[in-house]
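For the sequence shown, counting from 1, position 139 maps to 139 in UniProt numbering; every step adds exactly one. Ideal Cβ positions, reconstructed from N, Cα and C, are used throughout, including at glycine. This one's a predicted model, so the numbers in the text were calculated from it and none came from an experiment.
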Amino acid sequence: MGSYEGRTIGFLRWVFRSSVPGYLTLILGLASIGLVFGHASKSMYGVSHGINLIAYWHVPLALVGGLALTVTFAGCVLYLVTGTRFWEQLAHGSAELGFVFATLTLVTGSAWGRVIWNTWWDWSDIRLVTFLFVWFIYAGYLIIYSSGDRGGRVSRLASVYGVVGFITVPISYASTRLWTARLHAPSMGNPDAEAAITASVLFVSLFAVLFLYVSLLGVRVHLHELTTRIDSLKNRTRTETYKRTERQ
C-alpha cells in the first residue's frame with residue numbers, strides 16, 4: 001500500500017468513525033422535515049396537493065443514490081488496481097446503500113405518480129425505465145458479491161461487474177437531456193419546466209440525505225472490517241486445531 005493510498009484510507013476511516021456526520025444527519029433531517037411541511041411549495045405541474053412534498057425527499061434520494069453508485073465504481077476500480085481490501089468493502093457498502101436509495105426513489109416516485117398522473121408506472125418515461133435498469137444492474141452486483149467467499153475470484157468478478165455496470169448510471173441521469181422527457185423534464189435551471197420546487201428546502205433535504213449516507217456507509221465499512229477480522233480468527237483457529245490434531 002502506497003503512502004498516498006494509506007493516507008486516503010486513514011482519512012476515510014477517520015471520517016467514518018467521527019460522530020459529526022451522525023449529528024449533522026439528525027440536525028438537517030429535523031430541519032428538512034420542518035421546512036418541507038412548513039415552508040415548501042405544494043404546487044407542481046399545476047396541481048396543489050400534499051403528495052408533491054414527497055419530491056423534496058425523492059430528488060435527494062435519487063441524487064445521493066447516484067453518488068453512492070459512483071463511489072462503488074471508484075471502489076471497484078481501486079480494488080482491481082491495488083488489491084486493497086478496504087476498497088472492496090467501501091464499494092460493496094456503498095452499493096448496498098445506493099441500491100436502497102434507488103429502491104426508495106422508485107417507490108416514492110411511483111407513489112407520487114399514482115396521485116398526480118393516476119398511474120404507478122409509465123413505460124414511456126425514459127427516466128423511469130433507465131433508472132429501473134440501474135436498479136436491476138446493482139441488484140445483480142449484490143447477488144454476485146454474496147455468492148462466494150470474499151478476497152478471491154468472486155470479489156474480482158463483482159468488482160469488474162461494478163465497473164462495467166456503472167455505465168448505466170450516467171446514462172439514466174442524463175436521459176432526460178439526451179432524449180425527450182415527457183414526465184421528468186429537468187426542473188432545476190430550466191425556466192420552461194412545469195414543476196415548481198422550493199430550492200432552499202430541496203438543498204437542506206439533499207444535505208440531510210447526504211450525511212445519512214456517509215453515516216450509514218461508515219457503519220457498513222466498519223461491519224465489513226469486523227467480519228474480516230472474525231473470519232481471519234476462525235481460519236487461524238481451524239489451522240491451529242488441524243496442526244495439533246496432526247501432531248497427536
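{"Asked": "Taking Ile116 as part of the alpha helix (DSSP H), name the residues at either end of that continuous run.", "Found": "85-116"}
{"Asked": "Do you know how far the Cα of Val59 is from the Cα of Trp120?", "Found": "17 angstroms"}
{"Asked": "From the DSSP secondary-structure annotation, give me the bridge partner or partners of Val47.", "Found": "Met44"}
{"Asked": "Would you mind sorting Tyr23 into buried or exposed? The rule is 16 or more other CB atoms within 10 Å of its CB.", "Found": "exposed"}
{"Asked": "Take Gly6 as the anchor and find which of Thr84, Thr70, Leu216 has the nearest alpha-carbon.", "Found": "Thr84"}
{"Asked": "Check whether the region 162-169 and the region 204-213 are in contact - that is, three or more C-beta pairs closer than 8 angstroms.", "Found": "no"}
{"Asked": "Return the CA-CA distance between Ser172 and Thr237, expressed in angstroms with no decimal places.", "Found": "48 angstroms"}
{"Asked": "According to DSSP, is Thr198 part of a helix, a strand, or is it coil?", "Found": "coil"}
{"Asked": "Tell me whether Phe166 sits in a helix, a strand or coil according to DSSP, three-state version.", "Found": "coil"}
{"Asked": "Using a Cβ-Cβ cut-off of 7 angstroms (strictly less than) and excluding sequence neighbours within five positions of Thr228, which residues of its own chain qualify?", "Found": "Arg85"}
{"Asked": "Could you give the residue range of the alpha helix (DSSP H) that holds Trp135?", "Found": "126-145"}
{"Asked": "For Tyr4, count neighbouring C-beta atoms within 10 Å of its own C-beta (all shown protein chains included) and say buried if the count is 16 or more, exposed if not.", "Found": "exposed"}
{"Asked": "Under DSSP, the alpha helix (DSSP H) around Gly6 begins and ends at which residues?", "Found": "3-17"}
{"Asked": "Tell me whether residue 255 sits in a helix, a strand or coil according to DSSP, three-state version.", "Found": "Outside the displayed span of the chain (1 to 248) sits residue 255, for which this structure offers no information."}
{"Asked": "Leaving out five residues on either side along the sequence, give the residues of the same chain with a beta carbon under 8 angstroms from the beta carbon of Val169.", "Found": "Gly66, Leu69, Thr70, Phe73, Val134"}
{"Asked": "On the three-state DSSP scale, how would you describe Gly152?", "Found": "coil"}
{"Asked": "Quick check: the region 208-222 against the region 11-28, are there 3 or more CB pairs under 8 angstroms?", "Found": "yes"}
{"Asked": "Which of the three DSSP states, helix, strand or coil, is assigned to Leu210?", "Found": "helix"}
{"Asked": "From the DSSP output, in three-state form, read off His39 for me.", "Found": "coil"}
{"Asked": "Rounded to a whole number of angstroms, what is the C-alpha to C-alpha distance between Leu35 and Leu90?", "Found": "33 angstroms"}
{"Asked": "Which residues in the same chain as Thr105 place their Cβ atom closer than 8 angstroms to its Cβ, once the five residues preceding and following it in sequence are excluded?", "Found": "His58, Leu61, Ala62, Gly65, Phe131"}
{"Asked": "With distances taken from CA atoms, which of Tyr79, Thr82, Phe99, Lys42 is nearest Tyr213?", "Found": "Phe99"}
{"Asked": "Classify residue 258 as buried or exposed, calling it buried when 16 or more other Cβ atoms lie within 10 Å of its own Cβ.", "Found": "The shown model of the chain, from 1 to 248, leaves out residue 258, and the question about it has no answer."}
{"Asked": "Are Ile54 and Trp112 close, meaning C-beta to C-beta below 7 angstroms?", "Found": "yes"}
{"Asked": "Output the distance between the C-alpha atoms of Ser175 and Val129, rounded to the nearest integer angstrom.", "Found": "10 angstroms"}
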